[in-house]
Amino acid sequence: MAEGVLVIGEATEDGQLAPITAELLGAARRLAGAVGGGVICALLGSGVEGLAKEAAAFGADKVFVADNALLKEYQGDAYVPIAERICKEQSPALVLLGQTMLGRDMAPRLAARLGTAVAMDCIDVAAGGGKVVATRPCYGGSAQAQYSFNTSPQIVTLRAKSQDPAPRDDSRQGEAVKVDADVNPESVRTRIVDRRKEKSEGVRLEDAPVVVSGGRGLGGPEGFKPLEELAEALGGAVGASRAVCDLGWYPVAHQVGLTGKVVTPDLYIAVGISGASQHMAGISQVKNIVAINKDPDASIFKVARFAVVGDWKEIIPAFTEKVRELKAQ
Amino acid sequence: MPHIICCVKQVPDPETPASQFRVDEAAKKVVPVPGIAPVPSQFDTIGVEAALRIKDKTPDTTITILSLGPESYRDSIKHSLAMGADEGVLINDPALYEADHWVTAQVLAAAIGKLAPFDLVICGRQAVDWDMGVVGSTIAEILNVPCITIAKEIQYKDGQVVVERVLLDGFETAESPAPCVVTVSNELGEPRYPQLRQIMAAARKEVKVWTASDLGLDAAQLKNLVSLERLYVPEVKVETEIIDGETPQEKAEKLALKLREAKLI
Ligand SMILES: Cc1cc2nc3c(=O)[nH]c(=O)nc-3n(C[C@H](O)[C@H](O)[C@H](O)COP(=O)(O)OP(=O)(O)OC[C@H]3O[C@@H](n4cnc5c(N)ncnc54)[C@H](O)[C@@H]3O)c2cc1C
Ligand SMILES: Nc1ncnc2c1ncn2[C@@H]1O[C@H](COP(=O)(O)O)[C@@H](O)[C@H]1O
């Protein structure tokens, strides 16, 4: 009988338990009662053994560690068979992954190998009456769909920040179990030749308390300069719409939205952004949106808490100046 | 002679203004907007562009467009042919109209099997209707070939596929022997727009139409793995405060003061 919730964990680049994993463990704990069984976590990577304690502190009863230098970075052909093995041996009723680079790539492949389905990029999972229902935005965020599953295990990827982590409890004892982390070279058909990180200075977009984002209304790449200055004054980071990333005005790593990043700052300032649903998908959890747009009918104003109708060129410099003044007080 | 198969789905235009976007909750379907024609899914046209860039370098490449859907999907196949693809196949079988993502992947995989040999299957990173992003990798698993997701560039030479992938904080170069599946993202660049002459030539091209049984499949045996319980438009409730002022300067200052009041700066 399948029971319990399995969380596929992730480590950050500097070897910490990824925030998304704590969020997934929080969701798993909430669901475990209804699903039946406990919460288990799988940690695949290199040097991840030490993170088992962390996973336990955030709610895992048992942590399966696959530690191997060959697993240093995510690679589908190496990771998927290990996750598949753990699923087959533990037969969880529900498997949770983050909608991260790893989750996006791994979840559909894992589902296919287990002969089951996956609901991608969900914002909610509920369990009850022997059924798991996953809620996910679709049609670029214009609609939401709820799915139930006809097969087991049910696999769900969850959007970053959609779930609250359980409070950390270091007195929680979890059992760490080492599992076979062998990578069969024959099953690894693709080869990573090179990986290049885009270094961005200052605050990381995903962690920034304030995000100032620019869109096509900036008129050109030079429009980002004043936004960078504003972001700096606010101690925040700069985001961008896909339109400007596609135009090459700003690096892709700053794209906010459905196919970019999900951000959750306390304050989001959208400058020259129309508010297409696909952009809003990246800020759906943000409560305080400021929109600066010259078109009073722009749809961004429907979701903004503060609306300024006007030309950003005239507003941003004066705004930045005032912010600096207030901050200096 | 490289053979590339591009999977192209047709979707409601994602640029449909939010004010006209409607859902029929009883039918659990999006209501088509009169006057706004469906379009090939954005990432799929980008996939066709990726294939054409390979063909530009290796002219003896054959590009086949593969689509599962009703007769109306022919428009997206024709658009892809007009862009420069060579062949079109439409799998049109009423027994498959309600196919979920996994049945879709099985049917497409069976069709790809019938179109074999192939070097490369190109899919979109996600179809822009349900935004699921599973069919490409599922096809790869069914066919037991490698899969590289979210590509911004695909090169193909002598049986080797080299892909630039988009990561959240950078890029990655991955290699795979052919045949394999690659899913593409918008970072690949704008798809080319067909010329009138190409549109006319594509109009005359024959599109093969297959049913499940042509693929050796029994549609009754293909069971959906998920059930759509509900489809709805989420409510947004935000009280918007308009920051007024005589001059932009005044608005800007007011905004800063408001944000300070709200303890946001
Ligand atoms: C499948 C899919 C996925 C997508 N994913 C994403 C995504 O992840 N992220 C994303 O952002 N988009 C995404 N998009 C694109 C999205 O649909 C929009 O096209 C895009 O967000 C528009 O960007 P924009 O608001 O910068 O440009 P526009 O829509 O062109 O808006 C520009 C705005 O600037 C205003 N403006 C012009 N001049 C000025 C001025 N001087 N001062 C003030 N305001 C001015 C205009 O009134 C207008 O509202 C996706 C689309 C699809 C189909
Ligand atoms: N009905 C279909 N016909 C052709 N290709 C499809 C179909 N459904 C999905 N695809 C392909 O699979 C990709 C991912 O789709 P999805 O998993 O539905 O988001 C799409 O971008 C298409 O390339």
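Residue numbers (the numbering used here), protein chains in the order written: chain G, 1 to 329; chain A, 330 to 594.
Here a beta-carbon is modelled for each residue, glycine too, at the ideal position from N, C-alpha and C.
Original post:
At what residue ranges does the segment 397-423 of chain A contain a whole run of the alpha helix (DSSP H), taking only runs of 4 or more?
Top reply: 403-412
**OP:** Flag Ile383(A) as yes if its beta-carbon sits less than 8 angstroms from any beta-carbon of chain G, otherwise no.
**Re:** no
Subject >> Test item: CB-CB of Gly376(A) and Cys452(A) under 8 angstroms >> reply: Yes, these two residues count as a Cβ contact at 8 angstroms.
Original post:
Going by other Cβ atoms of all chains shown within 10 Å of its Cβ, with 16 needed for buried, is Tyr426(A) buried or exposed?
Top reply: exposed
**OP:** Answer yes or no: the CB of Met459(A) versus the heavy atoms of ligand 1, is any distance below 7 angstroms?
**Re:** The identity of residue 459(A) in the sequence shown is Trp, whereas the question assumes Met. The answer is no for Trp459(A).
Original post:
Is the segment 549-561 of chain A close to the segment 285-292 of chain G, with three or more CB pairs under 8 angstroms?
Top reply: no
**OP:** Assign Asn515(A) to one of two classes, buried (16 or more other C-beta atoms within 10 Å of its C-beta) or exposed (fewer than that).
**Re:** buried
**OP:** Would you mind stating whether Asp14(G) and Thr502(A) have Cβ atoms separated by less than 8 angstroms?
**Re:** no
Original post:
What residues from chain A crowd round Gln163(G), counting only those whose CB sits closer than 8 angstroms?
Top reply: The contacting residues do not exist; Gln163(G) stays about 17 angstroms from chain A at best.
Subject >> C-alpha distance - Gln237(G) paired with Asp311(G), whole-angstrom precision >> reply: Checking the displayed sequence, the identity of residue 237(G) turns out to be Ala instead of Gln. Distance between the alpha carbons of Ala237(G) and Asp311(G): 22 angstroms.
Original post:
Under a criterion of Cβ closer than 5 angstroms to any non-hydrogen atom of ligand 1, which residues qualify, in chain order?
Top reply: Gly215(G), Arg216(G), Gly217(G), Ser241(G), Arg242(G), Ala243(G), Gly257(G), Leu258(G), Thr259(G), Gly260(G), Gly272(G), Ile273(G), Ser274(G), Ala276(G), Gln278(G), His279(G), Asn293(G), Lys294(G), Asp295(G), Ala298(G), Asp311(G), Trp312(G), Pro343(A), Gln371(A), Val457(A)
Original post:
Hey, is Gln455(A) close to ligand 2, as in C-beta under 7 angstroms from one of its heavy atoms?
Top reply: yes
**OP:** Taking C-beta pairs closer than 9 angstroms, name the residues in chain G that Ser556(A) reaches, listed in chain order.
**Re:** Tyr147, Ser148, Phe149, Asn150
Original post:
In or out: Tyr79(G) buried (at least 16 other Cβ within 10 Å) or exposed?
Top reply: buried
Subject >> Counted within 10 angstroms of its Cβ, other Cβ atoms place Ser162(G) as buried (16 or more) or exposed >> reply: buried
Original post:
Residues in the segment 555-579 of chain A with C-beta within 9 angstroms of chain C's C-beta atoms, listed in sequence order?
Top reply: Absent from the structure is chain C; the protein chains it does hold are G and A.
Original post:
How would you list, in chain order, the residues of chain G whose beta-carbon sits under 8 angstroms from the beta-carbon of Leu499(A)?
Top reply: Reading off the sequence shown, one finds Gly at residue 499(A), where the question assumed Leu. What Gly499(A) touches in chain G, judged by beta-carbon distance under 8 angstroms, is Arg195, Arg196, Lys197, Glu198, Ala253, going in chain order.
Subject >> Neighbourhood of Ala585(A) by C-beta, 8 angstroms cutoff - its chain only, sequence neighbours within 5 removed >> reply: The residues are Ile594.
Subject >> Whole runs of the beta strand (DSSP E) within the segment 431-456 of chain A, excluding any shorter than 3 residues >> reply: 449-453
**OP:** Below 8 angstroms CB to CB, which residues in the same chain sit around Leu444(A) once its five sequence neighbours on both sides are set aside?
**Re:** These residues qualify, in order along the chain: His332, Ile334, Thr393, Leu395, Val418.
**OP:** For the beta strand (DSSP E) holding Asp67(G), just list the boundary residues, first then last.
**Re:** 62-67
Subject >> Assigned secondary structure, Gly9(G) (DSSP; H/G/I helix, E/B strand, else coil) >> reply: In the three-state scheme derived from DSSP, where H, G and I count as helix and E and B as strand, Gly9(G) is classed as strand.
Subject >> Endpoints, beta strand (DSSP E) assigned at Tyr139(G) >> reply: Where Tyr139(G) is concerned, there is no enclosing beta strand (DSSP E), given that its DSSP letter is neither H nor E.
**OP:** Check Phe350(A) in the structure and name its three-state DSSP category.
**Re:** Assignment of Phe350(A) by DSSP, reduced to helix, strand and coil, places it in the coil class.
Subject >> Where Gly103(G) falls, given that 16 or more other Cβ within 10 Å makes a residue buried >> reply: buried
Original post:
Taking any Cβ of chain G, which residues in the segment 448-465 of chain A have a Cβ under 9 angstroms from it, in chain order?
Top reply: Listed by position along the chain: Arg454, Gln455, Val457, Asp458, Trp459, Asp460, Met461, Gly462, Val463, Val464, Gly465.
Subject >> Where Pro367(A) meets chain G, residues with beta-carbon distance less than 9 angstroms >> reply: In chain order: nothing, as chain G lies at least about 13 angstroms away.
Original post:
Is the Cβ of Leu267(G) closer than 8 angstroms to any Cβ of chain A?
Top reply: yes
**OP:** Decide if the segment 106-115 of chain G is in contact with the segment 56-66 of chain G; the criterion is three or more beta carbon pairs, one per stretch, under 8 angstroms apart.
**Re:** Contact between the segment 106-115 of chain G and the segment 56-66 of chain G is absent, with fewer than three C-beta pairs closer than 8 angstroms.
Original post:
Quick one: what's Glu504(A) bridged to in DSSP?
Top reply: Arg191(G), Val491(A)
Subject >> Proximal residues of chain G, C-beta to C-beta of Ile594(A) below 8 angstroms >> reply: Val210, Leu234, Leu267, Val323, Leu326, Lys327
Original post:
Taking Cβ to Cβ, would you say Ala541(A) is nearer than 8 angstroms to Val436(A)?
Top reply: yes
Original post:
With a cut-off of 8 angstroms, does the C-beta of Thr467(A) fall near any C-beta of chain G?
Top reply: Yes, its Cβ sits closer than 8 angstroms to a Cβ of chain G.
**OP:** Note down the Cα distance separating Pro563(A) from Val368(A), rounded to an integer number of angstroms.
**Re:** 24 angstroms
Subject >> Per-residue contacts from Gly140(G) into chain A (C-beta, under 8 angstroms) >> reply: Pro343, Val457, Asp460
Subject >> Uninterrupted alpha helix (DSSP H) stretches inside the segment 186-264 of chain G (no shorter than 4 residues) >> reply: 224-234, 242-246
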